[in-house]
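Novice: Those protein sequences? They're chains A and B, same order as listed.
Everything in the first sequence is counted per the working numbering, starting at 1 for the first residue and increasing by one.
Everything in the second sequence is counted per the working numbering, starting at 102 for the first residue and increasing by one.
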Amino acid sequence: MSVWSDGQGNWPRLNSTLSRVLAALLGALIATVLLTLCITLWWPFGDAVEQIFAGGVFFFVFWAGFFYWALLAKGGLQAWRRMLLLMASLTLINAVHFVGG
Amino acid sequence: MQQATHKTLYNTHSWIGIWCGILLFVVTFSGLPAMFAHELEVWQSPTLSQLHSVDSTQLDSVVADAKANGFDYADYFIVPELERGFVQLVHFEEGQEPDIRYYDASTQQPLEIGHSDMAHVLEHLHTDLHLPSPVGRYVVGLAGMAMLLSIIAGILIHVKWRKEFVMLRPKRSWRLLLTDHHKLLGLWTLPFAFILAFSGTILGLLGLVSPLLAVAKFDGDVDKAVAAVVGPQAEVSGTAASRLSLDALQQQALSIQPELDVHFIHVTADGDANGLVKFSGNHVEKLSNLQNVTLQLTNGELVHQSDAAERGPFQRIFAAVTPLHFVMFGDIMLKAFYALSTLALSLMIVTGNMIWLAKLDAPHKAARAKPHPLARFTLGICAGLVSACAALICASTWLQGMAQQAALEEGTFWLVWVLALALAFSPLTLRRQLSLHLNGASALLLLTLLGDGIINGRWLWHAPLLTVGVHIGLLAMAAMLAFAAALLARMQANSERQPQRHEGFSADSSPA
Numbered sequence: 001m002s003v004w005s006d007g008q009g010n011w012p013r014l015n016s017t018l019s020r021v022l023a024a025l026l027g028a029l030i031a032t033v034l035l036t037l038c039i040t041l042w043w044p045f046g047d048a049v050e051q052i053f054a055g056g057v058f059f060f061v062f063w064a065g066f067f068y069w070a071l072l073a074k075g076g077l078q079a080w081r082r083m084l085l086l087m088a089s090l091t092l093i094n095a096v097h098f099v100g101g
Numbered sequence: 102m103q104q105a106t107h108k109t110l111y112n113t114h115s116w117i118g119i120w121c122g123i124l125l126f127v128v129t130f131s132g133l134p135a136m137f138a139h140e141l142e143v144w145q146s147p148t149l150s151q152l153h154s155v156d157s158t159q160l161d162s163v164v165a166d167a168k169a170n171g172f173d174y175a176d177y178f179i180v181p182e183l184e185r186g187f188v189q190l191v192h193f194e195e196g197q198e199p200d201i202r203y204y205d206a207s208t209q210q211p212l213e214i215g216h217s218d219m220a221h222v223l224e225h226l227h228t229d230l231h232l233p234s235p236v237g238r239y240v241v242g243l244a245g246m247a248m249l250l251s252i253i254a255g256i257l258i259h260v261k262w263r264k265e266f267v268m269l270r271p272k273r274s275w276r277l278l279l280t281d282h283h284k285l286l287g288l289w290t291l292p293f294a295f296i297l298a299f300s301g302t303i304l305g306l307l308g309l310v311s312p313l314l315a316v317a318k319f320d321g322d323v324d325k326a327v328a329a330v331v332g333p334q335a336e337v338s339g340t341a342a343s344r345l346s347l348d349a350l351q352q353q354a355l356s357i358q359p360e361l362d363v364h365f366i367h368v369t370a371d372g373d374a375n376g377l378v379k380f381s382g383n384h385v386e387k388l389s390n391l392q393n394v395t396l397q398l399t400n401g402e403l404v405h406q407s408d409a410a411e412r413g414p415f416q417r418i419f420a421a422v423t424p425l426h427f428v429m430f431g432d433i434m435l436k437a438f439y440a441l442s443t444l445a446l447s448l449m450i451v452t453g454n455m456i457w458l459a460k461l462d463a464p465h466k467a468a469r470a471k472p473h474p475l476a477r478f479t480l481g482i483c484a485g486l487v488s489a490c491a492a493l494i495c496a497s498t499w500l501q502g503m504a505q506q507a508a509l510e511e512g513t514f515w516l517v518w519v520l521a522l523a524l525a526f527s528p529l530t531l532r533r534q535l536s537l538h539l540n541g542a543s544a545l546l547l548l549t550l551l552g553d554g555i556i557n558g559r560w561l562w563h564a565p566l567l568t569v570g571v572h573i574g575l576l577a578m579a580a581m582l583a584f585a586a587a588l589l590a591r592m593q594a595n596s597e598r599q600p601q602r603h604e605g606f607s608a609d610s611s612p613a
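Written out as structure tokens, the structure is:
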């Protein structure tokens, strides 16, 4: 048992409403930052200026979308799972670009 | 929609309103004078308001006169406000007051424009809440984001929107009346609110994500990214060189981009061999304010140009954001429509808070002993802002000609706002306070017209066109405030006759 787990496979703090709200605010923001970077790096059309606007102009629309995706989860754990899934996938895609040069 | 989803969205909509409602009101309501900042800037100066529009001016004469009179800077802006008949020269120095000079565009003679700063006080409230840069802009951007999140949840939870478009039940409970108003105002202003939230958030928060975008495409160099969009800054060589005529350079810029409507001219490193001049402004036909041409000062060689209206879709969207947000297109009727929508949106935000307060009282079915702190803050800040704006506009006419006018105006604005907030926590009933604010602000606006006539000799029936427009706007606003005060008094009388009608709502617990 710890402050996070009750020893029976439950994580009451991580599954709380506060945790869900944090996932919606913070997790969604980090995921959005990674998505913005991803779009800017991979956008195939136009010059560098067009590519930075492709990533930047709809930044907050993605944030809003991820915010509600996290908030509409059943609990904090599911909200964080959703955000972490996004973060992991987007980090991988960004890493491919940076590693691939 | 599942009940749990609906509940989550409803709660999100409510909590965003509770936490950000007052900030959203301040940002939204202050957008009204900010929208007319250019008109107010001209109106606040009796000298500027007498000028007539011209088709062209001689920039070289203006700059030569300014330089002969101490405006000896290598880096400065020229703002040719030809439609208003004047030219502005501005030099910014970090940590110092900007040096701003005004010239008559037709005679190229310097103008003494007075000391009023009313328009800037109101404009800065909207753009950065008078907070240090760039914190204020980010806070305003986050308010836009909150509005966007609230709009999304609001759309999703109101499933009977066809019915709600026309539903108003004035004879039912107070809470239903508030709810109907909130939904009606929200639905009718939805496209407008969405445009404002969308464009406002981009303007406020793009600076926050720009380092990230620079990392992706410009090796983390934000200056390089900015230069790619708006053109480079001059690198001073130290070698003195004479420049070409600014009028000739402007002609050259217009030959490169004939659709450019020049609003700003930025001269950097004037007198240096590497000096540059950037002409920027709007597209004359398309919705874009990201048009610019940068030329070498010494030989007129093209250094950079950006024609966002002809670029990719994302640049075109970004270029349309500022004109969309500040109504830099269409005619005065469109601005009037924006102004009315801004008022409706502000009212919708306040009704949101009031619904929550009425709901809070509902289980008790009796008047609260003391008003809820949110009710006090909502009244003090929101109604206080309306009074403070009216007091500032009024002060600007009555203090005309005083050397300390700008400081006194700003002092009046903050003093009235702080007093309103302090008053909200006094024993005086909130309903009485609201009545005081509405009647007071209305009277101050009427007093402004009187002051403008007595001090500046500008009466509604005998004044330049722009002044007449401002007077009509102030009269309309005064009438609306007086009407709201009369409505409030009538409701008060009704509630005294039929106390049961205001079930779950204390006359003192909410601002109306």
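Note that CB positions come from ideal geometry on N, CA and C, so glycine has one too.
This structure is a prediction, so every number in the text was calculated from the model and none was measured.
Do you know how far the Cα of residue 525/B is from the Cα of residue 609/B?
Specialist: On the second sequence, position 508 is the one that residue 609/B refers to. On the second sequence, position 424 is the one that residue 525/B refers to. Note that residue 609/B has pLDDT 45, beneath the 50 cutoff, so the model's placement of it is unreliable and the number below is only indicative. Looking at the two C-alpha atoms, the distance is approximately 11 angstroms.
Novice: Using only alpha-carbon positions, find the residue among 164/B, 300/B, 574/B that is nearest to residue 346/B.
Specialist: The residue given as residue 346/B occupies position 245 in the second sequence. Among 164/B, 300/B, 574/B, the Cα nearest to that of residue 346/B is on 164/B.
Novice: Between the segment 227-248 of chain B and chain A, which residues of the former have a C-beta closer than 7 angstroms to a C-beta of the latter?
Specialist: Those residues of the segment 227-248 of chain B that come within reach of chain A (Cβ to Cβ, closer than 7 angstroms) are 246.
Novice: Rank 481/B, 478/B, 512/B by C-alpha distance to the C-alpha of residue 494/B and give the top, closest one.
Specialist: Residue mapping note: residue 494/B aligns to position 393 of the second sequence, counting from 1. It is 512/B whose Cα lies nearest to the Cα of residue 494/B.
Novice: Does the segment 106-116 of chain B come into contact with the segment 177-184 of chain B, if we say contact requires no fewer than three beta-carbon pairs (one atom in each stretch) closer than 8 angstroms?
Specialist: Flag = no, the segment 106-116 of chain B and the segment 177-184 of chain B do not touch.
Novice: Using the beta-carbon count (16 or more within 10 Å), is residue 527/B buried or exposed?
Specialist: Position 426 of the second sequence, counted from the start, is the residue given in the question as residue 527/B. With fewer than 16 other Cβ atoms within 10 Å, it is exposed.
Novice: Less than 9 angstroms between CB atoms is the rule here; does residue 56/A satisfy it with respect to chain B?
Specialist: Reading the first sequence from its first residue, position 56 is the one you call residue 56/A. Yes, its Cβ sits closer than 9 angstroms to a Cβ of chain B.
Novice: Alpha carbons only, please: which of 248/B, 586/B, 572/B, 492/B is nearest the one belonging to residue 144/B?
Specialist: Residue numbering aside, residue 144/B sits at position 43 when the second sequence is read from its first letter. Checking every option, the nearest Cα to that of residue 144/B belongs to 572/B.
Novice: Give me the Cα-Cα distance between residue 97/A and residue 418/B, rounded to the nearest whole angstrom.
Specialist: On the first sequence, position 97 is the one that residue 97/A refers to. On the second sequence, position 317 is the one that residue 418/B refers to. For residue 97/A and residue 418/B, the distance between alpha carbons rounds to 26 angstroms.
Novice: Let's see if you can read the secondary structure: which residues bound the alpha helix (DSSP H) around residue 278/B?
Specialist: As a working mapping, residue 278/B is identified with position 177 in the second sequence. Counting along the chain, the alpha helix (DSSP H) containing residue 278/B begins and ends at 275-289.
Novice: Relative to chain A, which residues along the segment 406-419 of chain B have a C-beta separation below 7 angstroms, given in chain order?
Specialist: If the cut-off is 7 angstroms between Cβ atoms, the segment 406-419 of chain B has 412, 413, 415, 416, 418, 419 near chain A.
Novice: Is any beta-carbon of chain A found at less than 9 angstroms from that of residue 319/B?
Specialist: One-based indexing of the second sequence puts residue 319/B at position 218. Chain A, which has a Cβ nearer than 9 angstroms to the Cβ of residue 319/B, makes this yes.
Novice: Contact between the segment 370-380 of chain B and the segment 328-340 of chain B: three or more CB pairs below 8 angstroms?
Specialist: Output reads yes: the segment 328-340 of chain B touches the segment 370-380 of chain B.
Novice: Which residues in the same chain as residue 146/B place their Cβ atom closer than 6 angstroms to its Cβ, once the five residues preceding and following it in sequence are excluded?
Specialist: Within the second sequence, residue 146/B is the residue found at index 45, counting from 1. So the list reads 214, 215, once near-sequence residues are dropped.
Novice: Under a CB-based cut-off of 9 angstroms, is residue 30/A close to chain B?
Specialist: Residue numbering aside, residue 30/A sits at position 30 when the first sequence is read from its first letter. For residue 30/A, the answer is no, since every Cβ of chain B falls outside 9 angstroms of its Cβ.
Novice: Measure the C-alpha to C-alpha separation of residue 386/B and residue 568/B and round it to an integer number of angstroms.
Specialist: Working through the second sequence from its first residue, we reach residue 386/B at position 285. Working through the second sequence from its first residue, we reach residue 568/B at position 467. Rounded to whole angstroms, residue 386/B to residue 568/B spans 28 angstroms at the Cα level.
Novice: With a cut-off of 9 angstroms, does the C-beta of residue 297/B fall near any C-beta of chain A?
Specialist: Locating residue 297/B in the second sequence gives position 196, counting from the first residue. No, residue 297/B lies away from the interface with chain A (no Cβ there is under 9 angstroms from its Cβ).
Novice: Would DSSP call residue 416/B helix, strand or coil?
Specialist: Position 315 of the second sequence, counted from the start, is the residue given in the question as residue 416/B. Three-state result, residue 416/B: helix.
Novice: Excluding sequence positions up to five away, which residues of its chain have a Cβ less than 6 angstroms from the Cβ of residue 559/B?
Specialist: The residue labelled residue 559/B in the question sits at position 458 within the second sequence. Cβ neighbours of residue 559/B beyond the five flanking positions: 553, 568.
Novice: Answer yes or no: do residue 79/A and residue 24/A have a C-beta to C-beta separation smaller than 9 angstroms?
Specialist: As a position in the first sequence, residue 79/A is number 79, starting the count at 1. As a position in the first sequence, residue 24/A is number 24, starting the count at 1. It is a contact, given that the beta carbons lie within the stated cut-off.
Novice: Looking at the secondary structure, which residues open and close the beta strand (DSSP E) in which residue 200/B lies?
Specialist: Against the second sequence, residue 200/B aligns to sequence position 99. Here the beta strand (DSSP E) through residue 200/B covers 200-205.
Novice: Counting only beta-carbon atoms, is residue 93/A nearer than 9 angstroms to chain B?
Specialist: Here residue 93/A corresponds to residue number 93 of the first sequence, with the count starting at 1. Residue 93/A does not count as touching chain B.
Novice: What is the DSSP secondary structure of residue 341/B, reduced to helix, strand or coil?
Specialist: The count along the second sequence starts at 1 and reaches residue 341/B at position 240. DSSP places residue 341/B in strand when its eight states are reduced to three.
Novice: So, does the segment 327-337 of chain B touch the segment 350-366 of chain B, judging by three or more C-beta pairs under 8 angstroms?
Specialist: Because the criterion of three Cβ pairs below 8 angstroms is not met, the segment 327-337 of chain B and the segment 350-366 of chain B do not touch.
Novice: Please report how far the alpha carbon of residue 480/B lies from the alpha carbon of residue 489/B, in whole angstroms.
Specialist: Looking up residue 480/B in the second sequence gives position 379. Looking up residue 489/B in the second sequence gives position 388. Those two C-alpha atoms are separated by around 13 angstroms.
Novice: Look up residue 214/B in the DSSP assignment and say whether it is helix, strand or coil.
Specialist: Here residue 214/B is taken as the residue at index 113 of the second sequence, counted from 1. Three-state DSSP puts residue 214/B in coil, outside helix and strand.
Novice: Please list, in chain order, the residues of the segment 324-339 of chain B that have any C-beta partner in chain A closer than 9 angstroms.
Specialist: Within the segment 324-339 of chain B, the qualifying residues are 326, 329, 330.
Novice: Using beta-carbon positions only, say whether residue 298/B and residue 248/B come within less than 9 angstroms of one another.
Specialist: The residue labelled residue 298/B in the question sits at position 197 within the second sequence. The residue labelled residue 248/B in the question sits at position 147 within the second sequence. Yes, these two residues count as a Cβ contact at 9 angstroms.
Novice: Within the 9 angstroms Cβ cut-off, does residue 14/A reach chain B?
Specialist: Here residue 14/A is taken as the residue at index 14 of the first sequence, counted from 1. Residue 14/A does not count as touching chain B.
Novice: Check whether chain A comes within 9 angstroms of residue 311/B, counting only Cβ atoms and requiring the distance to be less than that.
Specialist: The sequence position of residue 311/B within the second sequence is 210, counting from 1. Yes, because at least one Cβ of chain A sits closer than 9 angstroms to the Cβ of residue 311/B.
Novice: In angstroms, rounded to a whole number, what distance separates the CA positions of residue 424/B and residue 514/B?
Specialist: As a working mapping, residue 424/B is identified with position 323 in the second sequence. As a working mapping, residue 514/B is identified with position 413 in the second sequence. Each residue's Cα considered, the two are about 28 angstroms apart.
Novice: Comparing alpha-carbon positions, which option in 91/A, 99/A, 17/A, 7/A lies nearest residue 76/A?
Specialist: As a working note, residue 76/A is residue 76 in the first sequence. Selected option, being the one with the closest Cα: 17/A.
Novice: Using the beta-carbon count (16 or more within 10 Å), is residue 153/B buried or exposed?
Specialist: Along the second sequence, one-based indexing puts residue 153/B at 52. Under this definition residue 153/B is an exposed residue.
Novice: Looking at the strands, I want to know which residues DSSP matches up with residue 405/B.
Specialist: The residue given as residue 405/B occupies position 304 in the second sequence. DSSP lists 395/B as partners of residue 405/B.
Novice: Does the beta-carbon of residue 64/B have 16 or more other beta-carbons within 10 angstroms, so that it is buried, or is it exposed?
Specialist: There is simply no residue 64/B to check, as chain B begins at 102 and stops at 613 in what is shown.
Novice: Please check if any C-beta of chain A sits within less than 9 angstroms of the C-beta of residue 214/B.
Specialist: Working through the second sequence from its first residue, we reach residue 214/B at position 113. Closer than 9 angstroms: no.
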